[in-house]
Each structure stands twice: as structure tokens, then as C-alpha cells.
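Going by the working numbering, the first residue of the sequence shown is number 461, and it counts up by one from there. Written out below as C-alpha cells is the structure these notes cover.
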Amino acid sequence: MKVFKIVVLSLLIVFNYSCNNKSKLPNDVRWVKNSQEYQTLCKQIYKQASEYIMSLNVKKGQVVVMDLDETVLDNSQYQVELHYKGDTFSMDSWARWVLREEAELVPGAKDFLDMLRKKRIQIIFISNRMDERVEATKENMKKLGVYHKRDVYLLRKDKADKKDIRREEVYSGTGRMESYGKKDILAFFGDAMGDFPENDTGKHYMFPNPMYGKW
């Protein structure tokens, strides 16, 4: 009987530890969800970008290229749900999340996008969201009040459709950009090195993302 009680007590301790451990979000997700530092950093980046853009004499054919996830759209709730389910990232769960159209905005994003609209600067979104979910992405943007019909969405068609391929289409006015013509890129925005070309004179604005990446 004594051995049985010890076994039961041990199981309860393990179960209690597991529950407590699961209830607390990992530091990376908590930092994005709750910290003032994350909010301040993102707003500062967008503020600096706004000041730069406002200082320019923008000409026809000049555009801004932006990533979507963790640059404009905040998907930290997806990470929260993965944690509480005990799951890790998968293409299936990510696809379901995108189709829910529930991403929020990265701090400072709306004011920056509104400024670009006022200056009539076209935005080209180059994202690794799959192109088959572009309509869900646009609907999410509409819900957040940041959609504009002049925006161009260059989402990923397949595995081979890398971001550098899509950037080249923007530069050259070929492929999906043929009807828009060649573009001069004023600035790039992203949360990973793959969001930026290695050799370009445009400004680069990098956002913090401790939740995932190639590291």
C-alpha cells in the first residue's frame, strides 16, 4: 500500500509540473505578446522608416517591398495555440491559421501603411505564404483596415518560387510584374535575412522575431 501511495504521489507531481510548464508561454512568445520592449522596437522601426520616406521626393515607379508575417501581420496567437496543444509548426496547421484570417497587426504597421497610401506609394508584398491562400490573406488585411487595391501580392507559388526570384520580377517588370513595369524599390521590410537582397541601394528595415527563423 505504501508503494502504491508513493507511485500515485509521483504521478501527481509529474502531472502538476507538466500542467504548470504548459500554462506558461515560452519566453520568446511572451516577449512578443506582452513586452513593452517589443512594442517600442517595432514602432521605432516604422517611425524611422516613415521619416525616411517622408523626406524623399518620391517619383513614379518607386515602391516599397514588404514581407507580411511578423513584419505587417502578427501571428503570435498561432504560436500560443501551438504551445498549449503541445504541437510544433507544420504546413497544415499554418494553412489552417492563415485561412482563419485572424492575424493581428505588428505595432506601428497601420500608421506606416496609411502614410504610404497618402503619398500614393505602391506596396509590393513578397511573402512565403502560399499563393493559393492570397484571398484569405487579403481578407485578413481588410479586417485590419490595411488593404488597398493598388497593393501587389507576390506570394509563393511553389517550393522553387524563392523570394529572390520575385524580387527580380519587381526590378525587371517581368513575370507577375509584367503589367506593372519595372520598379525602383525605396525600401525593404522584413523579419529575416531572406527578406532582403544582398546587393541593393534601398533602405533595409529589420523587425525583431524571436519566435522562429533559420537559426
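Beta carbons are placed, not taken as given, at the ideal position from N, Cα and C, and that holds for glycine. In this text, all values refer to a predicted model and were calculated from it rather than measured experimentally.
Going by CA-CA distance only, name the one from the options that's closest to residue i.
i       : options                            : result
Ala-555 : Lys-663, Asp-488, Arg-589          : Arg-589
Glu-658 : Lys-507, Ile-583, Asp-591, Arg-627 : Arg-627
Ala-680 : Asp-591, Lys-643, Ile-645          : Within the shown structure, residues of the chain are numbered from 461 to 675, placing residue 680 beyond reach of any answer.
Ile-586 : Lys-602, Lys-622, Met-601          : Lys-622
Asp-574 : Tyr-498, Ser-553, Val-558, Met-601 : Met-601
Met-526 : Leu-516, Phe-667, Phe-549          : Phe-667
Nearest-angstrom Cα distance between residue i and residue j?
i       : j       : result
Leu-576 : Asn-487 : 34 Å
Lys-609 : Asn-669 : 28 Å
Ser-510 : Gly-605 : 19 Å
Thr-500 : Lys-507 : 10 Å
Thr-661 : Ser-483 : 46 Å
Val-558 : Gly-654 : 21 Å
From what residue to what residue does the beta strand (DSSP E) around residue i run?
i       : result
Val-594 : From DSSP, Val-594 is part of no beta strand (DSSP E) but of the alpha helix (DSSP H) over 594–603.
So, at 7 Å on beta carbons, what are the nonlocal neighbours of residue i in its own chain, with the 5 sequence-adjacent residues on each side left out?
i       : result
Glu-599 : Glu-561
Val-489 : Ser-536, Gln-539, Val-540, His-543, Met-671
His-439 : Outside the shown range of the chain, which is 461 to 675, sits residue 439, and nothing can be said about it.
Excluding sequence positions up to five away, which residues of its chain have a Cβ less than 8 Å from the Cβ of residue i?
i       : result
Lys-495 : Note that residue 495 is Ser in the sequence shown here, rather than Lys. Within the same chain, Ser-495 has no close Cβ partners at all.
Leu-565 : Val-532, Leu-533, Asp-534, Leu-604, Val-606
Ile-581 : Ile-513, Val-518, Gln-522, Val-523, Val-524, Leu-646
Flag residue i as yes when its Cβ comes closer than 7 Å to any non-hydrogen atom of the ligand SAM, and as no otherwise.
i       : result
Leu-501 : No copy of the ligand SAM occurs in the structure displayed, which carries no ligand at all.
Excluding the 5 residues flanking residue i on each side, which residues of the same chain have their C-beta closer than 6 Å to its C-beta?
i       : result
Lys-617 : Asp-591
Val-463 : Because Val-463 carries a pLDDT of 45, less than 50, the predicted location of this residue cannot be relied on, and the following value inherits that uncertainty. Result list for Val-463: empty, nothing under 6 Å.
Is it true that the CB of residue j sits closer than 8 Å to the CB of residue i?
i       : j       : result
Val-612 : Tyr-640 : yes
Between which two residues does the alpha helix (DSSP H) holding residue i run?
i       : result
Asn-659 : Per DSSP, Asn-659 belongs to no alpha helix (DSSP H) and is neither H nor E.
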